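Protein chains in written order, with my numbering: chain A, 13 to 310; chain B, -19 to 54.
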């Protein structure tokens, strides 16, 4: 799974919208699209322990990304269902396309761990993974071991990559950008929030997910490498060992599910990304409000 | 002192954001469960909006935005 990458990619999507959509896509829709897969699937992956009894998935990786399980929540088909539902409900292209782009970013980013996602579900329940780092969520290790493995592997590089992408588009975080590109995309939501918060508050809400991503990246990485002394293979170490090799870290067995050949994953993923992007582009014009529909925000 | 005040005024949001990050990361070392989707953004909101709002409250000024009638949000 990806960690802070999911926070950063929201801003990356926002910053790299097609020209005709700039200032017209709902940032909240991108956020909810990106948030949806893990909202449905993640909690039960780690579960909770009450009074010594663990409540959660018996096979976390199968529950999270596989079938049977909640893996369908990480498929483009599920994202499409959500997208169609939003369109039927609101007839608002700012929300519909924003949700689709956010969801797609999440589902495609998650092909990088050793489990990947069921990209072409429901036509196939095989997982698509390039195995860049080890998926490490287990009942015994819980969130802590998962975090330690992720932030000791190329997962850390993935987070850093998305952070750099956002920082290279740093204007997306500015007050000016928020005023001119974000608020016009969803004026009703921002106006409603504006009843309670002044501009400082609204900006904090807009930047909040980025803030969380940065802090999460720093906190978990620091914890994993400076603040704990784990015992690995019977040897006490000062911090979890780094392993930036493909499929790492070496010190935890990567979870896997039946999957397609990794050699076709990247080209197919890029093709699907282009397909979603192209479809969004074409649908955007067709979804333009007609006089008979309630007008969408300018 | 006035130069310090001017700097703080000019960079209020940057200072508050930095303080928010330091305290959030520090607190998360103590309690990892703070690192979640809700607390993270709320922490920034508390520092960048809550702290100045608290200052206004102490001075007896309105905390919620005051807008002219007909403005967005009214």
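Cβ coordinates follow ideal geometry from the N, Cα and C atoms, glycine included. Since we're looking at a predicted model, the values are computed, not measured.
Can you tell which of the options has its C-alpha closest to the C-alpha of residue i?
{"i": "residue 327 (chain A)", "options": "A:33, A:203, A:149 and A:39", "result": "The question about residue 327 (chain A) has no answer here: the residues shown for chain A are numbered 13 through 310."}
{"i": "residue 162 (chain A)", "options": "A:122, A:85 and A:106", "result": "A:122"}
{"i": "residue 298 (chain A)", "options": "A:103, A:249, A:124 and A:42", "result": "A:103"}
{"i": "residue 218 (chain A)", "options": "A:201, A:142 and A:56", "result": "A:201"}
{"i": "residue 65 (chain B)", "options": "B:45, B:-7 and B:-15", "result": "With chain B covering only -19 through 54, there is no way to say anything about residue 65 (chain B)."}
{"i": "residue 221 (chain A)", "options": "B:41, B:24, B:45 and B:43", "result": "B:24"}
{"i": "residue 246 (chain A)", "options": "A:237, A:145, A:263 and A:239", "result": "A:263"}
{"i": "residue 194 (chain A)", "options": "A:278, A:15, A:33 and A:17", "result": "A:33"}
{"i": "residue 42 (chain B)", "options": "A:197, A:207 and A:90", "result": "A:207"}
{"i": "residue 279 (chain A)", "options": "A:120, A:268, A:243 and A:270", "result": "A:120"}
{"i": "residue 56 (chain A)", "options": "A:154, A:270, A:16 and A:108", "result": "A:154"}
{"i": "residue 116 (chain A)", "options": "A:291, A:88, A:205 and A:287", "result": "A:88"}
{"i": "residue 8 (chain B)", "options": "A:228, A:276 and A:213", "result": "A:228"}
{"i": "residue 226 (chain A)", "options": "A:240, A:175, A:196 and A:90", "result": "A:175"}
{"i": "residue 300 (chain A)", "options": "A:282, A:203, A:91 and A:107", "result": "A:107"}
{"i": "residue 239 (chain A)", "options": "B:5, B:-17 and B:40", "result": "B:5"}
{"i": "residue 14 (chain A)", "options": "A:86, A:285, A:66 and A:109", "result": "A:86"}
{"i": "residue 18 (chain A)", "options": "A:198, A:271, A:118 and A:274", "result": "A:118"}
{"i": "residue 72 (chain A)", "options": "A:268, A:291 and A:286", "result": "A:268"}
{"i": "residue 213 (chain A)", "options": "B:-12, B:40, B:-4 and B:-11", "result": "B:-4"}
{"i": "residue 8 (chain A)", "options": "A:302, A:105, A:191 and A:35", "result": "Here chain A comprises residues numbered 13 to 310, so residue 8 (chain A) is not present and cannot be evaluated."}
{"i": "residue 70 (chain A)", "options": "A:292, A:289, A:152 and A:124", "result": "A:152"}
{"i": "residue 168 (chain A)", "options": "A:237, A:203 and A:285", "result": "A:237"}
{"i": "residue 292 (chain A)", "options": "A:58, A:91 and A:52", "result": "A:91"}
{"i": "residue 45 (chain B)", "options": "A:284, A:98, A:211 and A:52", "result": "A:211"}
On the premise that residue j lies in contact with residue i, defined as a C-beta separation below 8 Å, what is that separation, rounded to the nearest angstrom?
{"i": "residue 166 (chain A)", "j": "residue 260 (chain A)", "result": "7 Å"}
{"i": "residue 60 (chain A)", "j": "residue 68 (chain A)", "result": "7 Å"}
{"i": "residue 113 (chain A)", "j": "residue 25 (chain A)", "result": "5 Å"}
{"i": "residue 173 (chain A)", "j": "residue 29 (chain B)", "result": "31 Å between Cβ atoms; not a contact."}
{"i": "residue -1 (chain B)", "j": "residue 17 (chain B)", "result": "The Cβ separation is near 21 Å, so there is no contact."}
{"i": "residue 138 (chain A)", "j": "residue 271 (chain A)", "result": "6 Å"}
{"i": "residue 185 (chain A)", "j": "residue 23 (chain A)", "result": "7 Å"}
{"i": "residue 3 (chain A)", "j": "residue 142 (chain A)", "result": "In the structure displayed, chain A extends from 13 to 310; residue 3 (chain A) sits before or after that span and is not available."}
Interface residues of chain C around residue i at Cβ under 7 Å?
{"i": "residue 219 (chain A)", "result": "The structure shown contains no chain C; its protein chains are A and B."}
Using DSSP bridges, identify the partner residues of residue i.
{"i": "residue 271 (chain A)", "result": "A:139"}
{"i": "residue 248 (chain A)", "result": "A:243"}
{"i": "residue 145 (chain A)", "result": "A:125 and A:260"}
{"i": "residue 66 (chain A)", "result": "A:61"}
Does the separation of the CB atoms of residue i and residue j fall below 9 Å?
{"i": "residue 189 (chain A)", "j": "residue 21 (chain B)", "result": "no"}
{"i": "residue 111 (chain A)", "j": "residue 159 (chain A)", "result": "no"}
{"i": "residue 50 (chain A)", "j": "residue 21 (chain A)", "result": "no"}
{"i": "residue 126 (chain A)", "j": "residue 147 (chain A)", "result": "yes"}
{"i": "residue 215 (chain A)", "j": "residue 248 (chain A)", "result": "no"}
{"i": "residue 130 (chain A)", "j": "residue 140 (chain A)", "result": "yes"}
{"i": "residue 65 (chain A)", "j": "residue 94 (chain A)", "result": "no"}
{"i": "residue 109 (chain A)", "j": "residue 275 (chain A)", "result": "no"}
{"i": "residue 196 (chain A)", "j": "residue 54 (chain A)", "result": "no"}
{"i": "residue 198 (chain A)", "j": "residue 39 (chain A)", "result": "yes"}
{"i": "residue 83 (chain A)", "j": "residue 277 (chain A)", "result": "no"}
{"i": "residue 16 (chain A)", "j": "residue 171 (chain A)", "result": "yes"}
Does the beta carbon of residue i fall short of 8 Å from some heavy atom of the ligand SAH?
{"i": "residue 237 (chain A)", "result": "No copy of the ligand SAH appears in this structure; indeed no ligand is present at all."}
> Pairing CB atoms from the stretch 120 to 140 of chain A with CB atoms from the stretch 232 to 245 of chain A, are three or more of them under 8 Å?
Replying inline: no
>> Taking contact to mean 3 or more Cβ pairs, one atom from each stretch, closer than 8 Å, check whether the stretch 174 to 193 of chain A and the stretch 244 to 260 of chain A are in contact.
In response: Not touching, per the Cβ criterion.
> Should the stretch 14 to 32 of chain A be called in touch with the stretch 71 to 90 of chain A, which here means at least 3 C-beta pairs below 8 Å?
Replying inline: no
> Can at least three beta-carbon pairs, one atom from the stretch 237 to 257 of chain A and one from the stretch 25 to 45 of chain B, be found at a separation below 8 Å?
Replying inline: No, they do not touch.
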